[in-house]
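Residue numbers (my numbering): 4 to 319. Glycine included, every Cβ here is placed at the ideal spot set by N, Cα and C. In what follows, a structure is listed as structure tokens, so that the remarks can point back to it.
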Ligand SMILES: [Zn+2]
Ligand SMILES: [Zn+2]
Ligand SMILES: [Zn+2]
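Laid out in structure tokens, this is it:
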């Protein structure tokens, strides 16, 4: 573990120190890549759950991620399997929506919020469920969090990050994706959703996106409703918004085992990775690097034009 010159010791997930060139990259670490049932689901013997029991690399906790740039650290979503020991000091929390698999670990943030007295907790409109008036005190996090409703399409700033909340299509639940920028590096976190509302899609199509994390809940043909993508819907979104690298997350046990997912996505999208818990992606000046629990280390060239196609460099 490294120790930074700031007031916070670094966390245990290798986010780097200020002297480390990687610390200036816009980075995302996937703490969880599962849907509401996680993988394996208890007493389920589908091929996806069997795979996860055989090999821990294929287990999926509730979808959540840490985004960092320089000294700034954000947590996106906090399902109840959040582990305080894996969190760095936080400068803010972004909540996609008030479903249990995204919010019921809120109390576990206590004690790991950064040096400020309270850190911002941005969320979508809160009239659904308890909202933040009830939820934050009930989750015993009121002394650490400063709840604020994010306004769609209006940029907000936390440390070195600029963040824009983007409405998603998730049944009746108000749900936000987040477009996160730092020094010309851009990341879109887009779950839970089925496709994209037109205005969100147009916003993203007008911008160069380095990495898009996409809802990949179901196998093709499953879950045809308006709450989650199946694989085909996720890949269609990837084609529409054309990020340099797409990464699927929020993957249910009602989706295929890892190798089948990778084969299917790889045949249809130029640069599409299947997210696994622990995957870390860094967007650097000229390239995107990823460390993946199964695929190892990969690199992609960052296109120079505003929306030029990606070129895969290598897989080590
Ligand atoms: Zn979910
Ligand atoms: Zn299963
Ligand atoms: Zn949901």
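Original post:
Exposed or buried, which one is residue 253 when buried takes at least 16 other CB atoms within 10 Å?
Top reply: Counting of Cβ neighbours within 10 angstroms places residue 253 among the buried residues, the total reaching 16 or more.
**OP:** Could you tell me the distance, in whole angstroms, from the CA atom of residue 24 to the CA atom of residue 200?
**Re:** The pLDDT assigned to residue 24 is 48, lower than 50, so where the model puts this residue is not dependable, and the model offers no usable value.
Original post:
How long is the line joining the alpha carbons of residue 300 and residue 267, rounded to whole angstroms?
Top reply: 21 Å
**OP:** Assuming residue 63 contacts residue 37 (C-beta within less than 8 Å), just tell me the rounded distance between them.
**Re:** 3 Å
**OP:** Using only the heavy atoms of ligand 3, determine whether one of them is closer than 7 Å to the beta carbon of residue 195.
**Re:** yes
Subject >> Separation of residue 122 from residue 275, as counted between CA atoms >> reply: 34 Å
Subject >> Supposed close pair residue 202, residue 229 - CB separation, criterion 8 Å >> reply: Rounded, the Cβ-Cβ distance is 16 Å, inconsistent with contact.
**OP:** Please classify residue 125: does DSSP put it in a helix, a strand, or coil?
**Re:** strand
Subject >> Alpha-carbon spacing of residue 146 relative to residue 110, whole angstroms >> reply: So the two alpha carbons sit approximately 11 Å from each other.
Subject >> Assumed close pair residue 98, residue 124 - CB separation to whole angstroms, cut-off 8 Å >> reply: 7 Å
**OP:** Using beta-carbon positions only, say whether residue 93 and residue 67 come within less than 8 Å of one another.
**Re:** no
Original post:
What do you get for residue 154, buried or exposed, if any count of 16 or more other CB atoms within 10 angstroms of its CB means buried?
Top reply: It counts as exposed.
Original post:
Rounded to a whole number of angstroms, what is the C-alpha to C-alpha distance between residue 213 and residue 239?
Top reply: 17 Å
Original post:
Candidates 104, 89, 216 and 47: which alpha carbon is nearest residue 241's?
Top reply: 216
Subject >> residue 87 versus 283, 264, 140 and 69, residue with shortest Cα-Cα distance >> reply: 69
Original post:
Hey, would you say the C-beta of residue 176 is under 7 Å away from at least one heavy atom of ligand 4?
Top reply: As for ligand 4, it is missing from this structure, which binds only ligand 1, ligand 2 and ligand 3.
Original post:
Curious, which full-length alpha helix (DSSP H) runs of at least 4 residues does the segment 246-276 contain?
Top reply: 261-271
Original post:
Hey, is residue 104 close to ligand 1, as in C-beta under 7 Å from one of its heavy atoms?
Top reply: For residue 104, the Cβ falls inside the 7 Å cut-off from some heavy atom of ligand 1.
Original post:
Taking the continuous alpha helix (DSSP H) assigned at residue 54, which residues delimit it?
Top reply: 50-57
Subject >> residue 207 - DSSP class collapsed to helix/strand/coil >> reply: helix
Subject >> Delimiting residues of the alpha helix (DSSP H) encompassing residue 239 >> reply: 234-244
**OP:** For residue 30, name the three-state secondary structure that DSSP assigns.
**Re:** strand
Original post:
Beta-carbon of residue 28 versus every beta-carbon of chain D: anything under 8 Å?
Top reply: Checking the listed chains, one finds no chain D in this structure; it contains a single protein chain.
Subject >> For residue 222, the nearest candidate out of 237, 187 and 210 (CA to CA) >> reply: 237
Original post:
Where does residue 284 fall in DSSP's three states?
Top reply: strand
Subject >> Length of the line joining the Cα atoms of residue 277 and residue 210 >> reply: 23 Å
Subject >> Local conformation of residue 296 per DSSP, three classes >> reply: coil
Subject >> alpha helix (DSSP H) runs wholly inside the segment 70-122, at least 4 long, in chain order >> reply: 103-106
**OP:** Would you identify the three-state DSSP class for residue 226, choosing helix, strand or coil?
**Re:** coil
Subject >> Through-space distance from residue 175 to residue 282, alpha-carbon basis >> reply: Their backbone Cα atoms lie some 31 Å apart in a straight line.
**OP:** Please report how far the alpha carbon of residue 181 lies from the alpha carbon of residue 113, in whole angstroms.
**Re:** 23 Å
**OP:** Let me know if residue 250 comes out buried or exposed under the rule of 16 or more other beta-carbons within 10 Å of its beta-carbon.
**Re:** buried
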